[in-house]
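Read the structure below first, then the notes.
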Amino acid sequence: MTPDVTTRDWSQVLSQIRSHRDQAAFADLFTHFAPRVKAFLLRSGASETLAEECMQEVMATVWQKAHLFDPSRAAASTWIFTIARNRKIDALRKQRQPQPEDLTWGPETEPDQTDVVILQQETEELGRALATLPEKQRDLIERAYFHDLSHSQIAEETGLPLGTIKSRIRLALDRLRHAMRQLDRPK
Amino acid sequence: MTTDISHHLTEPLLMAYSAGTLPEAFSLVVASHVSLCDECRARLGAYDAVGGAMLEDCGVASLGANAYAETLARIAERPEAPVPPPSADLATFPAPLRDYVGGDLDAVQWRAVGGGVKQAILPTSADASVRLLSIPGGAAMPDHGHRGAELTLVLQGAFHDEDGTFARGDVEVADEHLNHRPVAARGVPCICLAATDAPLRFSGLMPRLAQRFLRI
Chain R
4 MTPDVTTRDW
14 SQVLSQIRSH
24 RDQAAFADLF
34 THFAPRVKAF
44 LLRSGASETL
54 AEECMQEVMA
64 TVWQKAHLFD
74 PSRAAASTWI
84 FTIARNRKID
94 ALRKQRQPQP
104 EDLTWGPETE
114 PDQTDVVILQ
124 QETEELGRAL
134 ATLPEKQRDL
144 IERAYFHDLS
154 HSQIAEETGL
164 PLGTIKSRIR
174 LALDRLRHAM
184 RQLDRPK
Chain B
6 MTTDISHHLT
16 EPLLMAYSAG
26 TLPEAFSLVV
36 ASHVSLCDEC
46 RARLGAYDAV
56 GGAMLEDCGV
66 ASLGANAYAE
76 TLARIAERPE
86 APVPPPSADL
96 ATFPAPLRDY
106 VGGDLDAVQW
116 RAVGGGVKQA
126 ILPTSADASV
136 RLLSIPGGAA
146 MPDHGHRGAE
156 LTLVLQGAFH
166 DEDGTFARGD
176 VEVADEHLNH
186 RPVAARGVPC
196 ICLAATDAPL
206 RFSGLMPRLA
216 QRFLRI
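As you go down the protein sequences, you meet chains R and B in turn. Everything in the first sequence is counted per my numbering, starting at 4 for the first residue and increasing by one. Everything in the second sequence is counted per my numbering, starting at 6 for the first residue and increasing by one.
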């Protein structure tokens, strides 16, 4: 395994898996993402056994669906997050998560490298923006994404009025969006 | 994809879909709209990117002793996923809705509910409900307010109410404050996908009876 795993370009690794069914690349990707996916599931309320099983299902799906990964549209972490989230809903809430229609491309076309690079830069910026969010805002976003709580459930858990929570999440996302200039779309 | 969509999903709906906290019925409307709307697909992508950044940053858990080998065994048991067919641009329904219906518009098992209006309730989790509605051109829906949220996506034809005109791909987000009376545009029947998390509140006795009958 490569020692500098945290600085690897995971979208490139996932593209290797997509294009060449590269098993060594999958082993590297697994080393990095499997412990994170499992932590995500544990923090969402899954038991140790369920989190382990779901993590394996998520990583198997990553391999199986790698041909759908488009690095010009999503970072590897984004794409794996959506698979983990869908699995979480399926396993913990016993619901389906209807998915938007996949945007397909012909087998011969390759993603635009400029788009890939821009998206990669934006993703890094987003990570930095998230890391520098004020503690209170970050905490609320974490609860929304990890703990499977609706806004009103967050209100119950934190004792904060619903309006405060919504505006705080909104403010946090505004800051994130500000950091992601390219992804920022006017309403 | 469809152009000229002028009514979009709200930020809270996109974020809740991304975080995975919406009832299944609402998720179906969100996924159907996003399938038709490149702008909301991009906005949803930004929320998913937040989720991805959180995943990168949420710490690590120790894995089972044979986690990697067991994952490879799971992969070996699975068939290779087929490359999906190109999106059926001629279909009336986007792919997520076709999954629930078991086909396109011609596969819907409609039930007449009076006044030429037809509906088909789709199976989802019980915390909210979602149905297809077919309203004859020029006809009005019964006057109704909401006790909860209602999310309506137009798939064919159009309707208008106090909030404007809604055509294919447009989505109307209504809460309990909107007491509206949608009227279908003349021409082909208006076909909508509508999710609600509480029974609609019709004003007047006949609509209330219809409400029990319609289960909306």
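Ideal Cβ placement from N, Cα and C applies to all residues, glycine included.
Could you please give the first and the last residue of the uninterrupted alpha helix (DSSP H) stretch that includes residue i?
i              : result
L156 (chain B) : First-last for L156 (chain B): 155-161, but that is the beta strand (DSSP E), not the alpha helix (DSSP H).
K139 (chain R) : 138-149
P115 (chain B) : Correcting the residue type first, residue 115 (chain B) is Trp in the shown sequence and not Pro. From DSSP, W115 (chain B) is part of no alpha helix (DSSP H); its letter is neither H nor E.
P17 (chain B)  : 16-24
C45 (chain B)  : 43-62
I10 (chain B)  : Looking at the DSSP string, I10 (chain B) is not in any alpha helix (DSSP H), and its letter there is neither H nor E.
G130 (chain R) : 116-134
V16 (chain R)  : 13-23
Quick one: is residue i buried, meaning 16 or more other Cβ sit within 10 Å of its Cβ, or exposed?
i              : result
E111 (chain R) : Legend: pLDDT at E111 (chain R) = 48, less than 50; position of this residue unreliable, no value from coordinates given.
V135 (chain B) : buried
T135 (chain R) : exposed
V176 (chain B) : buried
K97 (chain R)  : exposed
Q21 (chain R)  : Sequence check: residue 21 (chain R) is Arg here, not Gln. Result: buried.
W82 (chain R)  : buried
T201 (chain B) : buried
W13 (chain R)  : buried
P84 (chain B)  : exposed
E167 (chain B) : exposed
L160 (chain B) : buried
A87 (chain R)  : buried
T170 (chain B) : exposed
T76 (chain B)  : buried
P164 (chain R) : exposed
R103 (chain B) : buried
S208 (chain B) : Residue confidence is low: S208 (chain B) scores 42 on pLDDT, short of 50, so the model does not pin down where it sits. Its coordinate-derived value is still stated next. Per the 10 Å Cβ criterion, exposed.
W115 (chain B) : exposed
K139 (chain R) : exposed
V269 (chain B) : The structure shown does not extend to residue 269 (chain B), since chain B is modelled only from 6 to 221, so the question has no answer here.
G25 (chain B)  : buried
V63 (chain R)  : For clarity, residue 63 (chain R) is Ala in the given sequence; the question names Val instead. With 16 or more other Cβ atoms within 10 Å, it is buried.
E160 (chain R) : exposed
V193 (chain B) : exposed
H12 (chain B)  : buried
S155 (chain R) : exposed
E56 (chain R)  : buried
A81 (chain B)  : exposed
S50 (chain R)  : exposed
A163 (chain B) : buried
E113 (chain R) : exposed
V120 (chain R) : exposed
In the DSSP assignment, find the unbroken beta strand (DSSP E) run with residue i in it and report its ends.
i              : result
R136 (chain B) : 134-140
K123 (chain B) : 123-127
C195 (chain B) : 195-201
V176 (chain B) : 176-179
According to DSSP, residue i sits in a beta bridge with which residue or residues?
i              : result
H165 (chain B) : B:T170, B:V188
A96 (chain B)  : Partner(s): none; A96 (chain B) has no beta bridge.
R81 (chain B)  : The sequence given here places Ala at residue 81 (chain B); Arg does not occur at that position. Paired residue(s): none; A81 (chain B) is not in a bridge.
A145 (chain B) : B:V188
Contact set between the region 90-121 of chain R and chain B, restricted to residues whose Cβ is under 8 Å from the partner = Of all residues in the region 90-121 of chain R, K91, I92, R96, K97, Q98, R99, Q100, P101, Q102, P103, E104, D105, L106, T107, P110 have a Cβ within less than 8 Å of some Cβ in chain B.
ask   = Looking at chain R, which residues of the region 62-87 of chain B have a Cβ within less than 8 Å of any of its Cβ atoms?
value = Cβ contacts with chain R: D62, C63, G64, V65, A66, S67, L68, G69, A72, Y73, E75, T76, R79, I80, R83, E85, A86.
Residues of the region 37-58 of chain B whose Cβ lies closer than 7 Å to any Cβ of chain R, in chain order = The residues in question are V39, S40, E44, R46, A47, R48, G50, A51, D53, A54, V55, G56, G57, A58.
request  = Mind checking the region 121-139 of chain R against chain B and listing, in chain order, the residues whose C-beta falls within less than 8 Å of any C-beta there?
outcome  = The residues in question are E125, T126, L129, G130, L133, A134.
inquiry  = Ignoring anything shorter than 3 residues, give me the beta strand (DSSP E) runs that lie fully in the region 37-112 of chain R, in order along the chain.
reply    = The region 37-112 of chain R contains no whole beta strand (DSSP E) run of 3 or more residues.
task = Can you give me, in chain order, the residues of the region 17-32 of chain B that have a beta carbon less than 9 Å from any beta carbon in chain R?
result = Of all residues in the region 17-32 of chain B, only P17, M20, A21, Y22, S23, A24, G25, T26, L27, P28, E29, S32 place a beta-carbon less than 9 Å from a beta-carbon of chain R.
inquiry  = Output needed in chain order: residues of the region 77-90 of chain R with a Cβ under 9 Å from some Cβ in chain B.
reply    = Those residues of the region 77-90 of chain R that come within reach of chain B (Cβ to Cβ, closer than 9 Å) are A77, A78, A79, S80, T81, W82, I83, F84, T85, A87, R88, N89.
task = Taking only beta carbons into account, state which residues of the region 127-138 of chain B come closer than 7 Å to chain R, listed in chain order.
result = Hits within the stretch, in order: S130.
key: Interfacial residues, the region 45-72 of chain R to chain B, with Cβ spacing under 8 Å   = Closer than 8 Å at the C-beta level to chain B, one finds these residues of the region 45-72 of chain R: L45, R46, A54, E55, M58, Q59, E60, M62, A63, W66, Q67, K68, H70, L71.
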